[in-house]
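Engineer: Here it is, the structure in full.
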Amino acid sequence: MDFLKRLYAKIGEWNYYLEEEGKPTSIISWLVDGIMLATAALVISYLWFVYKTKIPWLSVIFALVVAVIISIGHFKLRAKQLERKRQAKLNSAAATYRKKELLNLTPEQFKWRLAKALLHSGKFEDIKIGKRFLKATYKGRQALIGFYHTPYSQQVPPFEVYKFLKVLKHCGYTTGFYFTSSSFSDTCRTILQDHEDVEVHLIDGDGLLKIMEKEGTFNDQDAINLYVKSEIEKSRLRRKQARKNLLTPAKARTYILYGLLFLVSSFIFHTYFIYYLILSVSFVLLGILVYTANPKAKEAKPRDEVLND
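For the sequence shown, the residue numbers in this note's numbering are 12 to 320.
Rendered as C-alpha cells:
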C-alpha cells in the first residue's frame, strides 16, 4: 500500500514536470506511446523476419530483440527529456518563488539586499549606501546605482528612469545602473537612446535574480522545496478538473454514436464483421463508462428533484 502511495506521488511529480503553461500532461501518455511503439516494432519486425527466414519461432526471437532494443532507446530518450523538463521546471519554480519574495520586501529591505548582492558579485567596490541611491566603483569608474521597488509587480514608470538620468548627469557620473524587482517598458529603454553621452544599464527582476543566484545570496532551498510541493498539488488538482471536463455527457453520446456506426458497418462489411463488432462494443462501453463517471450526471437528478418539490 505504501508502495502504491509513493508511486502515485511520483507520478504526480512527473506530471508536474511535464506540464507546460498550465496545460495538464500525464506521464501515462508517454507510457502508452512506449507500449504502442514496442508493439509496432514487434509486429513489423516479426513480419519482416518471418518473410525472410520462413521460421516463425526464430522470427519471434529476432522480433523480441528488436522490440527490446527500440524500447530501451525510447526509454533513455524519454528519461533525458524528463530530466531536462524537471530541471527547467525547478529553475522556473525557484525564480518565481524568489521573485515573489523580492516583491514582498520593503524598499529599505530591497536596497540592502541589492547592496549585498552587488558586493558579493565582485564587480562593484567601495559601495556606499545612501537614502535614495547607492554609489560604487565599477571597473575603476565611479557609478551611481538607482532602484525602483514596489511591493507589487508593475513596470517601472518611464519618468523614474528619466529622473535617474537627470540626477546622474547633475552629479557628474557617466556610468549608472538602475535595478528593479519588476520590469522595464520599451519606453524606458527608448529614453536611454537619447542620452548616449552616459552609460546606463537597466536590470530588471530576472536579471537581478540571476546576479543573486550566481553569487549565492539566497539560502532558501527548503522554502523552495515546500513551494514546489504546493505547485505539484495544484497541478494534481488541475489535472483532476481536466479529467472531469473530459467526462461529459456530450462525450458519452459521441462515443455511443461511434459504437452504433461501427455496429452498422459490421453488417455492411461482412468480411470485417468481428473487428467492427469489437470496436462497436468498445465504444458503447466507453460511452456508458464516461456517462456514469460524470459527476454532473450524478448531481443532476437530486437537483431536479429539489426543484420539482
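No residue lacks a Cβ here, since even glycine has one placed at the ideal position from N, Cα and C. Bear in mind that the values here come from a model prediction, so they are computed numbers and not experimental data.
Within a Cβ cutoff of 6 angstroms, which residues of the same chain sit near residue 56, ignoring the five residues on either side of it in sequence?
Structural biologist: Around residue 56: 74, 77.
Engineer: Taking its Cβ as the centre, do 16 or more other Cβ atoms sit within 10 Å of residue 300, making it buried, or is it exposed?
Structural biologist: Exposed, by the Cβ-count rule.
Engineer: Would DSSP call residue 229 helix, strand or coil?
Structural biologist: In this structure, residue 229 counts as coil in the three-state DSSP scheme.
Engineer: Under 6 angstroms Cβ to Cβ from residue 37, same chain only, skipping five residues before and after it: list those, please.
Structural biologist: So the qualifying residues of the chain are 26.
Engineer: Determine the DSSP secondary structure at residue 181, reduced to helix, strand or coil.
Structural biologist: Looking at residue 181 - three-state DSSP - the assignment turns out to be helix.
Engineer: Below 8 angstroms CB to CB, which residues in the same chain sit around residue 104 once its five sequence neighbours on both sides are set aside?
Structural biologist: Excluding residues within five positions, the ones whose Cβ falls inside 8 angstroms are 235, 238, 239, 242.
Engineer: What does the Cβ neighbour count give for residue 196, buried or exposed, with the cut at 16 atoms within 10 Å?
Structural biologist: Per the 10 Å Cβ criterion, exposed.
Engineer: Check residue 209 in the structure and name its three-state DSSP category.
Structural biologist: It is coil, neither helix nor strand.
Engineer: Pull up the distance between the alpha-carbon of residue 174 and that of residue 140, whole angstroms please.
Structural biologist: One C-alpha to the other measures close to 19 angstroms.
Engineer: Buried or exposed: which applies to residue 64, given that a residue is buried once 16 or more other Cβ atoms fall within 10 Å of its Cβ?
Structural biologist: The residue in question, residue 64, is exposed, as its Cβ has fewer than 16 Cβ neighbours within 10 Å.
Engineer: Assign residue 50 to one of three DSSP states: helix, strand, or coil.
Structural biologist: Reduced to three states, the DSSP call for residue 50 is helix.
Engineer: Hey, is the segment 103 to 121 in contact with the segment 150 to 167, meaning 3+ C-beta pairs nearer than 8 angstroms?
Structural biologist: Judged by Cβ distances under 8 angstroms, the segment 103 to 121 makes contact with the segment 150 to 167, as three or more pairs qualify.
Engineer: Going by CA-CA distance only, name the one from 285, 191, 265 that's closest to residue 302.
Structural biologist: Comparing Cα-Cα distances from residue 302 to each of 285, 191, 265, the minimum goes to 265.
Engineer: Examine the Cβ distances between the segment 218 to 227 and the segment 76 to 92 and report whether three or more of them are shorter than 8 angstroms.
Structural biologist: Cβ pair count under 8 angstroms is below three, so no.
Engineer: Quick one: grab the DSSP three-state call for residue 66.
Structural biologist: Reduced to three states, the DSSP call for residue 66 is coil.
Engineer: Alpha carbon to alpha carbon, how far is residue 245 from residue 252? Give it in angstroms, no decimals.
Structural biologist: Near 11 angstroms, if we compare the C-alpha coordinates of residue 245 and residue 252.
Engineer: Contact defined as beta carbons within less than 8 angstroms: I believe residue 93 pairs with residue 28. What is the distance between those atoms, to the nearest angstrom?
Structural biologist: About 6 angstroms separates the two Cβ atoms, so the contact holds.
Engineer: Give me the residue from 117, 135, 260 with the minimum Cα distance to residue 149.
Structural biologist: Measuring from the Cα of residue 149, the nearest candidate turns out to be 135.
Engineer: Which residues bound the beta strand (DSSP E) around residue 152?
Structural biologist: Per DSSP, residue 152 belongs to the beta strand (DSSP E) from 152 to 159.
Engineer: Would you give the residue range spanned by the alpha helix (DSSP H) that residue 139 belongs to?
Structural biologist: Residue 139 -> not in any alpha helix (DSSP H); beta strand (DSSP E) instead, spanning 135 to 140.
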